[in-house]
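*Asks:*
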Amino acid sequence: MACLDSFNRSISYLRVSVTDRCNLRCVYCMPPEGVPWVPHENILRYEEIVRVVRIGAEMGITKVRLTGGEPLVRAGIVSLVAMIAAIPGVDDLAMTTNGVLLAHYAEDLAKAGLDRVNVSLDTLRPERFRAITRLGNLEDVERGLEAARAAGLEPVKVNTVLLRGVNDDEIVDFARRTLREPFHVRFIEAMPVGPAAKARFLPVAEARERIEAAFGSLEVAHQRAGNGPASYYRIPGACGTVGFISAISEHFCHQCNRLRLTADGRLRPCLLSDAEVPLREALRSGVSDAELKQILLTAVAAKPEGHHLNEGVAVSGRGMSQIGG
């Protein structure tokens, strides 16, 4: 069953933020003091999340990604993975994590039914990692990457946000790592959400130019897992790949196939729009499955044709940790 929006796009992907809390304070995501957390009673319970995913799967959702905040800081996350993995119709269950706790959880997550992980990593230098995240240690993430591969959560993808003047001198270093490891690094344009993101914007075209200046022309790579917005390439002879996600310079709204469920129970049709459809109170007031399906359809119908960031329209008033990225 296909669920089509007003622009005939098939909606098959649900991103679920399980918490707004995070164990890091990345400079492009939060201020140093953090942000006010959503009260625990306003965070969706696991059984509520599972119910939404089940109804979504009946409507044509086949891919689910768990996000945060940082999903691994929420207690019982492995049990949620197991419950979602058991839902008929969910063919692809993934997670985006900062990797700090991944070494501890990778094996259990894989056994519970998680298919793969994306790890957010913006630098390969320990001191810079600490400066960007304000709280983290790079070696924890490196251990997490190894544990994910060992557990079979592959392909392990690394999400690297391009930040001019912060980590753009490491673009070639990230690409070089794909030569010897099955390291699938995806360079992502910084969303103009959160502190100072606009000033640090660097287009992926510039990142590709730097990589090709160092290694020669990239080859188009076939990527087997996921149907996301990245374009994948390979340095000739490399074990891994490099991908480019041009959310701003060449947006991919025309093929957007996703909805977002925020940790506090709102359906968000577009990452970069503040339009949201409230869901939590309906879930807690005895709404029927048919009524719940109608709420999801309302969110699908509210998907805009595209974002308007290049026209100077104001961006979301909620930070990435609150939206779910």
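According to the numbering used here, the residues represented by the sequence shown are 1064 to 1388, in order.
Ideal Cβ positions, reconstructed from N, Cα and C, are used throughout, including at glycine.
Could you tell me the boundaries of the alpha helix (DSSP H) in which residue 1352 lies?
*Replies:* In the DSSP assignment, residue 1352 falls within the alpha helix (DSSP H) that extends over 1352 to 1364.
*Asks:* Quick check on DSSP: helix, strand or coil for residue 1282?
*Replies:* Residue state for residue 1282 is assigned as strand, using DSSP reduced to three classes.
*Asks:* Have a look at 1284, 1106, 1084, 1067 and flag the residue whose alpha-carbon is nearest the alpha-carbon of residue 1096.
*Replies:* It is 1084.
*Asks:* Write down the C-beta distance between residue 1225 and residue 1265 rounded to the nearest angstrom, noting that I regard them as a contact closer than 8 Å.
*Replies:* 4 Å
*Asks:* Excluding sequence positions up to five away, which residues of its chain have a Cβ less than 6 Å from the Cβ of residue 1109?
*Replies:* 1143
*Asks:* Can you tell me the Cα-Cα spacing of residue 1366 and residue 1305, whole angstroms?
*Replies:* 30 Å
*Asks:* Comparing C-alpha positions only, which one of 1337, 1326, 1181, 1280 sits nearest to residue 1137?
*Replies:* 1326
*Asks:* Bridge partners of residue 1174, per DSSP?
*Replies:* According to DSSP, residue 1174 bridges with nothing at all.
*Asks:* Can residue 1074 and residue 1322 be called in contact, C-beta distance under 8 Å?
*Replies:* yes
*Asks:* Is it buried or exposed, residue 1174, if we count other Cβ atoms within 10 angstroms and call 16 or more buried?
*Replies:* exposed
*Asks:* For residue 1081, does the three-state DSSP call read helix, strand or coil?
*Replies:* coil
*Asks:* Residue 1163 and residue 1199 - do their beta-carbons sit closer together than 8 Å?
*Replies:* Yes, Cβ-Cβ distance for residue 1199 and residue 1163 is below 8 Å.
*Asks:* Between residue 1340 and residue 1233, what straight-line distance do the alpha-carbon atoms span, to the nearest angstrom?
*Replies:* 40 Å
*Asks:* On the CB-based measure, 16 or more other CB atoms within 10 Å of its CB, does residue 1243 come out buried or exposed?
*Replies:* An exposed status is given to residue 1243, since fewer than 16 other beta-carbon atoms sit within 10 Å of its beta-carbon.
*Asks:* Count the other CB atoms, across all protein chains shown, that sit within 10 Å of the CB of residue 1285; report buried if there are 16 or more and exposed otherwise.
*Replies:* Residue 1285 is exposed by the Cβ-count criterion.
*Asks:* Tell me, which residues are paired with residue 1158 by DSSP?
*Replies:* 1129, 1180
*Asks:* Quick check on DSSP: helix, strand or coil for residue 1139?
*Replies:* If DSSP states are grouped into helix, strand and coil, residue 1139 belongs with coil.
*Asks:* Apart from the five residues just before and just after residue 1362, which ones in its own chain have a Cβ nearer than 7 Å to its Cβ?
*Replies:* 1322, 1330, 1332, 1340.
*Asks:* Whose CA, out of 1186, 1237, 1081, lies closest to the CA of residue 1245?
*Replies:* 1237
*Asks:* Have a look at residue 1458 and residue 1215 and give me their C-alpha separation to the nearest angstrom.
*Replies:* No statement about residue 1458 is possible, as the shown extent of the chain runs from 1064 to 1388 and does not include it.
*Asks:* Among all the DSSP beta bridges, which residues are the ones paired with residue 1247?
*Replies:* Partner(s): 1220, 1304.
*Asks:* Nearest to residue 1297 by alpha carbon, out of 1337, 1207, 1241, 1158?
*Replies:* 1241
*Asks:* Would you kindly work out how many angstroms separate the C-alpha atoms of residue 1102 and residue 1279, rounded to a whole number?
*Replies:* 51 Å
*Asks:* My output table needs one value for residue 1255: the three-state DSSP class, helix, strand or coil.
*Replies:* coil
*Asks:* Going by beta carbon distance, what residues of the same chain come within less than 8 Å of residue 1072, once the five residues before and after it are set aside?
*Replies:* 1317, 1318, 1319, 1320, 1366
*Asks:* Residue 1161 and residue 1202 - do their beta-carbons sit closer together than 8 Å?
*Replies:* no
*Asks:* Per DSSP, residue 1073 is paired with what?
*Replies:* 1067
*Asks:* If we ignore side chains and look at the alpha-carbon of each, how far apart do residue 1081 and residue 1276 end up?
*Replies:* 41 Å
*Asks:* How many whole angstroms separate the CB atoms of residue 1249 and residue 1293, which I take to be in contact at a CB cut-off of 8 Å?
*Replies:* That pair is a contact at about 5 Å.
*Asks:* Please work out which residues of its chain come closer than 6 Å, Cβ to Cβ, to residue 1170, disregarding the five sequence neighbours upstream and downstream, and give them in chain order.
*Replies:* Same-chain partners within the cutoff: 1214.
*Asks:* Around the C-beta of residue 1192, are 16 or more other C-beta atoms found within 10 angstroms, so that it is buried, or is it exposed?
*Replies:* buried
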